[in-house]
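Peer 1: Quick note on the UniProt record's numbering: the sequence shown kicks off at 1 and runs consecutively. For glycine and all other residues, C-beta sits at the position ideal for the given N, C-alpha and C. Predicted model, so just to flag it, every value in this text is computed and none were measured. There's a structure below that I have some questions on.
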Amino acid sequence: MKVPIVTTESGLQYKDIKVGQGPSPPVGFQVAANYVAMVPSGQIFDSSLEKGQLYIFRVGSGQVIKGLDEGLLSMKVGGKRRLYIPGP
Numbered sequence: 001m002k003v004p005i006v007t008t009e010s011g012l013q014y015k016d017i018k019v020g021q022g023p024s025p026p027v028g029f030q031v032a033a034n035y036v037a038m039v040p041s042g043q044i045f046d047s048s049l050e051k052g053q054l055y056i057f058r059v060g061s062g063q064v065i066k067g068l069d070e071g072l073l074s075m076k077v078g079g080k081r082r083l084y085i086p087g088p
């Protein structure tokens with residue numbers, strides 16, 4: 001089954017690789033996530049996996065770029081999602 005790409009009003013696009021369980025995190029909730037950031041050509045420019053540690057921050061509080069906040073606010077624990085974040 002092909003997983004659809006969802007487009008939000010802000011232009012963020014995402015595709016769930018694995019849907020988690022339970023509630024989504026409320027704004028200000030501390031989350032821990034792995035990420036791999038790359039440009040459209042596929043070149044990686046940052047990765048928590050390469051650093052060997054989870055990235056911990058308060059979701060929805062402006063500590064990260066808007067697209068990451070928006071993409072994580074609707075996820076659930078244990079989920080895996082690919083985000084396509086538009087440029088500024």
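#1: In the DSSP assignment, the alpha helix (DSSP H) including L49 goes from what residue to what residue?
#2: With three or more beta-carbon pairs closer than 8 Å as the criterion, would you say the segment 56-64 touches the segment 8-23?
#3: Buried or exposed, going by whether 16 or more other CB atoms sit within 10 Å of the CB of L54?
#4: Looking at G71 and residue 102, is the spacing between their C-beta atoms short of 9 Å?
#5: Would D46 and A37 qualify as a contact pair, given that the criterion is a beta-carbon distance under 9 Å?
#6: With a floor of 4 residues, list each alpha helix (DSSP H) that falls wholly inside the UniProt domain "PPIase FKBP-type" (28-88), ordered by position along the chain.
#7: For L83 and K18, I'd like the C-alpha separation in whole angstroms.
#8: Work out the CA separation of G22 and G42 for me, nearest whole Å.
Peer 2: Walking through what the data contain:
#1: As a first step, residue 49 must be located in the sequence shown, where it is residue number 49. Segment S48 to K51, the alpha helix (DSSP H) holding L49.
#2: no
#3: Locating residue 54 in the sequence shown gives position 54, counting from the first residue. It is exposed - the Cβ of L54 has fewer than 16 other Cβ atoms within 10 Å.
#4: Residue 102 lies beyond the range of the chain shown here (1 to 88); nothing can be said about it.
#5: On the sequence shown, residue 46 is found 46 positions in, with the first residue counted as 1. On the sequence shown, residue 37 is found 37 positions in, with the first residue counted as 1. Result yes, Cβ atoms of D46 and A37 sit closer than 9 Å.
#6: 48-51 and 66-73
#7: In the sequence shown, counting from the first residue as 1, residue 83 sits at position 83. In the sequence shown, counting from the first residue as 1, residue 18 sits at position 18. Those two C-alpha atoms are separated by around 13 Å.
#8: Position 42 of the sequence shown, counting from 1, holds the residue named residue 42. Position 22 of the sequence shown, counting from 1, holds the residue named residue 22. Roughly 32 Å between the two C-alpha positions.
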